[in-house]
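Residue numbers (this note's numbering): 13 to 432.
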């Protein structure tokens with residue numbers, strides 16, 4: 013038909029492209045109306061038809077010149093071409109991130125841990141004892157009136173040395189309860205969660221059973237009902253001391269506080285004074301029998317549990333940190349956590365006994381404690397912190413120890429009782 017391009021067969025050279033000779037200085041043909049070229053047949057690679065006339069074009073020669081109008085040295089051109097390459101920039105960013113990460117890891121993780129490790133080893137070196145005038149706690153055991161310092165748990169209450177076979181239930185269980193602080197409802201819920209059985213289980217409260225919460229008297233009665241063991245925490249100690257002071261001064265009556273300065277109550281709150289009055293004589297006697305330290309005895313995989321002799325009772329009930337040089341405990345958080353020093357000491361002891369005694373684990377010691385809700389649940393090899401802030405809306409924690417030393421942690425949610 014008129015106007016149609018001739019058939020492909022009409023062309024003698026099928027491997028050529030009919031291209032106009034009128035090229036621009038870019039090396040590309042102009043774009044007039046109609047067909048600018050005819051493709052007969054692709055028999056050669058397209059790269060063979062690429063032209064490089066643009067390299068000699070006047071409009072592009074200025075790109076190779078420096079801004080000052082003079083050529084840069086070749087090494088500068090090579091360097092600039094390298095650093096401006098996309099791959100180089102990607103690798104530079106990756107290596108920079110790795111470098112910053114390694115530096116931050118060293119400064120904030122590895123270096124502090126190495127320094128702490130060296131400080132703990134230095135603190136446990138006996139040669140420095142004389143340099144600091146002796147270590148705290150190596151003097152004679154202090155005596156306090158109306159306080160039971162140390163008590164041993166009845167060995168018949170301990171779990172069996174070997175675990176039961178074929179999935180049989182444990183013959184005996186010890187259930188350690190964290191700081192209850194008068195939260196009886198949560199305590200009963202926790203006992204349901206652990207499937208408490210009075211016939212085979214024994215409850216051990218690690219301190220601070222009373223005060224702050226809504227039903228301290230109910231918690232004490234429940235513990236007495238199940239013949240539980242207890243440890244005298246700092247809250248029991250404060251309330252009992254106030255109770256004894258009230259009895260000696262005949263101020264148990266609620267009306268006896270009138271006109272008396274609050275300073276005479278050692279800074280205790282009105283709620284604590286009310287609790288001291290509400291306790292019955294039987295409850296006071298039971299709480300007063302709670303020792304500062306309870307020697308649980310040998311438990312498989314845990315060694316000797318909670319044996320702390322020659323310790324100041326006030327320090328045991330209140331300490332959070334310890335001075336690494338003098339080993340003086342403190343109730344503040346300005347210092348090293350005592351658990352770090354204790355775990356380091358026990359790990360060194362275990363390493364020294366390993367290979368020289370048949371059962372080195374029986375020679376080490378494990379401490380189960382409360383009174384540290386800020387650290388919450390803290391389970392280390394030789395220390396078990398069970399205060400998980402129940403009275404503040406946290407959790408109430410139980411650590412269950414079964415036959416063979418098997419341990420498990422059970423927790424229940426608590427309401428916030430601080431405004432009650």
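C-beta atoms are modelled at their ideal positions from N, C-alpha and C, and glycine is treated no differently.
Computed from a predicted model, the values in this text were never measured in an experiment.
Sequence-distant residues of its chain with Cβ nearer than 6 Å to residue i (five each side left out)
| i | result |
| --- | --- |
| residue 289 | 264 |
| residue 429 | 225, 226 and 403 |
| residue 202 | 408, 410 and 424 |
| residue 368 | none |
Collapsed DSSP secondary structure at residue i in the structure displayed
| i | result |
| --- | --- |
| residue 362 | helix |
| residue 380 | strand |
| residue 410 | strand |
| residue 138 | helix |
| residue 314 | coil |
| residue 427 | coil |
| residue 125 | helix |
| residue 386 | coil |
| residue 396 | strand |
| residue 351 | helix |
| residue 416 | helix |
| residue 105 | helix |
| residue 369 | strand |
| residue 57 | coil |
| residue 163 | strand |
| residue 309 | strand |
| residue 404 | strand |
| residue 293 | helix |
| residue 253 | helix |
For residue j and residue i, the rounded distance between their alpha carbons
| i | j | result |
| --- | --- | --- |
| residue 415 | residue 171 | 5 Å |
| residue 317 | residue 200 | 26 Å |
| residue 332 | residue 180 | 40 Å |
| residue 133 | residue 356 | 8 Å |
| residue 234 | residue 188 | 15 Å |
| residue 242 | residue 162 | 11 Å |
| residue 217 | residue 413 | 14 Å |
| residue 223 | residue 352 | 29 Å |
| residue 350 | residue 192 | 23 Å |
| residue 408 | residue 208 | 15 Å |
| residue 236 | residue 138 | 44 Å |
| residue 262 | residue 195 | 30 Å |
| residue 245 | residue 175 | 32 Å |
| residue 386 | residue 346 | 14 Å |
| residue 123 | residue 112 | 15 Å |
| residue 240 | residue 114 | 52 Å |
| residue 80 | residue 60 | With a pLDDT of only 49 at residue 80, under 50, the local geometry of the prediction cannot be trusted, and the value read off the model is given with reservation. If you take the alpha carbons of residue 80 and residue 60, they lie about 37 Å apart. |
| residue 338 | residue 361 | 20 Å |
| residue 178 | residue 401 | 37 Å |
| residue 335 | residue 394 | 20 Å |
| residue 78 | residue 98 | Note on residue 78: pLDDT 47, under 50, position unreliable in the model; no value is reported. |
| residue 398 | residue 422 | 11 Å |
| residue 116 | residue 110 | 10 Å |
| residue 213 | residue 197 | 20 Å |
Identity of the residue in the options nearest residue i by Cα
| i | options | result |
| --- | --- | --- |
| residue 383 | 394, 219, 301 and 131 | 219 |
| residue 229 | 309, 298 and 375 | 298 |
| residue 311 | 127, 165 and 90 | 165 |
| residue 306 | 160, 371 and 422 | 160 |
| residue 282 | 251, 294 and 293 | 251 |
| residue 169 | 93, 184 and 314 | 184 |
| residue 294 | 232, 364 and 361 | 232 |
| residue 358 | 379, 215, 59 and 211 | 379 |
| residue 285 | 300, 258, 304 and 302 | 258 |
| residue 313 | 215, 87, 93 and 419 | 419 |
| residue 211 | 204, 238, 203 and 205 | 238 |
| residue 205 | 417, 432, 84 and 410 | 410 |
| residue 300 | 248, 354 and 388 | 248 |
| residue 221 | 135, 173 and 381 | 381 |
| residue 302 | 95, 105, 158 and 173 | 158 |
Close beta carbons around residue i, own chain, < 7 Å, minus the five adjacent residues each side
| i | result |
| --- | --- |
| residue 255 | 288, 291 and 296 |
| residue 405 | 426, 427 and 428 |
| residue 365 | 372 and 375 |
Close-in-space but distant-in-sequence residues of the same chain around residue i (CB under 8 Å, 5 per side omitted)
| i | result |
| --- | --- |
| residue 309 | 164, 165, 167, 170, 316 and 317 |
Problem - Any alpha helix (DSSP H) of 4 or more consecutive residues that is wholly inside the segment 172-198 - result: For the segment 172-198, there is no continuous alpha helix (DSSP H) assignment of 4+ residues that stays within its boundaries.
Within the segment 199-244, ranges of the beta strand (DSSP E) (whole runs, at least 3 residues): Within the segment 199-244, the complete beta strand (DSSP E) runs of at least 3 residues are 213-217.
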